[in-house]
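Residue numbers (our numbering), protein chains in the order written: chain Y, 888 to 985; chain U, 4 to 479.
Written below as structure tokens is the structure these notes are about.
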Amino acid sequence: MLSEKDVLNVAKLARINLSEEEKEKMRKDLTLILDYIAKIRELDLKNVEPTFHTLEIKNKTREDRAREQNTSFSKKLISLAPQKENGYIKIRSVFKDR
Amino acid sequence: MDLSSLSVGEIHKLLIQKEISAQELLGEYLEIIKKENPKINAFLEIFEEEGIKQAQEVDKKIEKGDKISILEGIPVAIKDNILLANKRCTAGSKILENYIAPYDATVVKKLKEKGAIIIGKTNLDEFAIGSSGEFSAYGVTRNPKNLEYVPGGSSSGSAAAVAADMVPIALGSDTGGSIRQPASFCGIIGFKPTYGSVSRFGLVAMSSSLDQIGPLGKNVEDIKIVYEVIRGKDEMDSTTVSFSQKPVKERLEEIKIGIPKEYFTKGIDQRVKEIIKDRIKDFELSGASIEEVSLPHTDYALATYYIIMTAEVSSNLARYDGIKYGKSLAESDKITNLLDVYFETRKEFLGEEVKRRIMLGTYCLSVGYYEAYYLQAQKVRTLIKKDFEKAFKKVDILLTPTSPTPPFKLGERLENPLTMYMADVLTVSANLAGLPAISLPAGEIDKLPVGLQLIGPAFSENFLLSVAQLAQKIWT
């Protein structure tokens, strides 16, 4: 059973604020789901290798060379940012705003 | 003209024989869209003007006697988590309400090169997270077979659009069944290719070790045409590989079909089992050999999937932070620093189910739980993959139901997330093992469709589709 403190800790890690109502619903739902998925813990898998990826490919490399990309494309990407200034993405102050 | 029974090949023939013009063809589909979409909510956006212009160009080419590709002038719908340059791509989420795609996804680029008309973007569960089409920020999609029922998800709009004859073919994405399950619920065909065979460049990432793009349609030939166009190695997606195809089979007598006994256990609706058993009998009577096989770790697949998928969702969706793109509360008065931008933006613009999965994934990846959940799940995945490899030493292909139940009613599973997750129980294994799988219409229960799933070995799509074609022949 998850406690409210557990839920708040996960919410903090996930960078999501929850309303009071959401907190309780989330605690209930996550407890229910965790109870179900815990069934895989009963398997003894000490000697089993994990499969992070189904393809048998290792790090694919390519030549380290700059590719041509016109500036209008990068401008387009920057333009999607909610806050920008002089062609840069702008963010709020990391500490308190002045 | 009744378009519902025509395949892409047949439409192509009508076009080059000038029995119908590309503009007339498009007009017919647009008429159906305008009539049906307000009820079904399959499309989020329609590109009528561009479509008509494109159809005019196709007609000019035909008039001049130029050769046209088989997809030229054919309307195609695209799930709204696949980027179409300079068009909105919402992924069914409020946070991307105003997001304009800066480039084409590789699959879109390939369809455009073949002259297909991208007629619209289809509704989906937010970020492809959901099994019923009810988790879109833009309203639920309804099942065209019965409007009181869900169309399945998350490629809800693509499946419903095809089923309602609004388009002959559509693209969806499948992370745990999101193409096959709605295809099953809507009575059409849905195909998830092998992991690595179709580029995901330009697909809004949900769970990167599982996501695949694939086609939905009404007959196997059409599925094959689209698959052949979109597949292939792409330098923009380093998980794509080039591969040689397994030879096709011309006769069912040459095919050994495996029936995994774990897919016919207590959780499966009795009526679904009976329909699937009837179809197995059809295969047997047509000469295929049938053999029972075992995939012993099937019972752990859903739990494994919900750990790996949510873990990957939690990291993929971390990008929606109100900084780089999407909606943001950065300029709101209640924000005092950067961290608040993340917390408040995500609170405000992400949906309930998305938050639930991010939270679950974050939990499974967090200190103290990583080994017990995430790493353990990746190990179970090894066992699930090995189960399949073993089975494919004995048989050529596996046959199962696609979904444990027929479509359920709208709202019926919203209260308890676990009952909703159960809808994926028979489809997730193919994603965990990276295998190609297709859902075909198998029958009906009270006029609601039931689908059958064929799963093949990795990179056997040619073979898998040839078996699907043979199956289609028996049933029509």
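C-beta: ideal position from N, C-alpha, C; glycine also.
Check	Outcome
Name the DSSP beta bridge partners of U/G175, please?	U/G217
Looking at the C-beta of U/P105, does it have a partner C-beta in chain Y at a distance below 8 Å?	yes
Residues bridged to U/S292 by DSSP?	U/K259
If distances are taken between C-alpha atoms only, which option among U/I400, U/M425, U/N434 comes closest to U/I387?	U/N434
Which residues in chain Y have a C-beta closer than 7 Å to the C-beta of U/M4? List them in chain order.	Neighbours of U/M4 on chain Y: none; closest Cβ ~41 Å, over 7 Å.
Let me confirm a value: U/L150 is counted as buried when at least 16 other C-beta atoms fall within 10 Å, else exposed. Which label applies?	exposed
Per DSSP, which residues does U/G193 bridge with? Please list them.	U/L219, U/S442
With which residues is U/P420 paired in a DSSP beta bridge?	Answer by DSSP bridge pairing: none, since U/P420 is not bridged.
Compare the beta carbon distance of U/Y345 and Y/R902 with 8 Å and say whether it is the shorter of the two.	yes
U/I36 to U/K476, Cα distance in whole Å?	30 Å
In its own chain, which residues sit with a C-beta less than 7 Å from the C-beta of U/A436, not counting the 5 before and 5 after it?	I387, K388, F391
Take U/Q57 and list the residues in its own chain whose beta-carbon comes closer than 6 Å to its own, dropping the five residues that flank it on each side.	I120
So which residues on chain U does Y/S959 lean against when the C-beta distance must stay under 8 Å?	Here the premise fails: no neighbours, minimum Cβ distance about 10 Å.
Just curious, the alpha helix (DSSP H) that U/A394 is in, first and last residue?	379-397
Since U/I216 and U/I103 should fall inside the 8 Å C-beta cutoff, what is the C-beta to C-beta distance between them, to a whole number of angstroms?	In fact, because the Cβ distance is near 21 Å, the residues do not count as touching under 8 Å.
Could you check where the beta strand (DSSP E) with U/E48 kicks off and where it finishes?	46-49
Less than 7 Å between the CB of U/Y366 and some heavy atom of the ligand NAP, yes or no?	For the ligand NAP, the structure offers nothing, since it holds no ligand at all.
Starting from Y/Q956, trace the alpha helix (DSSP H) both ways and give me its first and last residue.	From DSSP, Y/Q956 is part of no alpha helix (DSSP H); its letter is neither H nor E.
Going by beta-carbon coordinates alone, are U/T125 and U/S161 separated by less than 8 Å?	yes
Do U/E347 and Y/N896 count as a contact pair if the criterion is CB distance below 8 Å?	no
Consult DSSP for Y/G974 and reduce its assignment to one of helix, strand or coil.	coil
Helix, strand or coil for U/A71? Go by DSSP, reduced to three states.	The question names Ala, yet the displayed sequence has Ile at residue 71 of chain U. U/I71 falls in the coil class under three-state DSSP.
By Cβ distance below 8 Å, which residues in the same chain neighbour U/Y141 in space, the five residues on each side in sequence not counted?	N44, L47, T93, G95, N126
Would you verify that the beta carbon of Y/Y975 is, or is not, closer than 8 Å to some beta carbon of chain U?	no
Specify the secondary structure class of Y/R985 as computed by DSSP and reduced to three states.	Confidence at Y/R985 is low in this model, with a pLDDT of 49, below 50, so the placement of that residue is unreliable and no value is reported for it.
Leaving out the 5 sequence neighbours to the left and right, which residues in its chain are closer than 8 Å to U/D324 when beta-carbon positions are compared?	V344, Y345, T348, R349
Using a C-beta to C-beta distance shorter than 9 Å, which residues of chain B count as neighbours of U/R384?	You won't find chain B in this structure, because its protein chains are Y and U.
Locate the alpha helix (DSSP H) running through U/A164, then write down its first and last residues.	159-166
How big is the Cα-Cα spacing for U/E321 and Y/N934?	Glu is not the amino acid found at residue 321 of chain U; the sequence shown has Ala there. One C-alpha to the other measures close to 33 Å.
Got a sec: is the Cβ-Cβ distance from U/P420 to anything in chain Y below 8 Å?	yes
Quick check on this structure: which residue in U/V61, U/V370, U/D237, U/D302 has the alpha carbon closest to the alpha carbon of U/K113?	U/D237
Skipping 5 residues on each side, what residues in its chain have a beta carbon closer than 8 Å to that of U/Y424?	S134, L305, Y309
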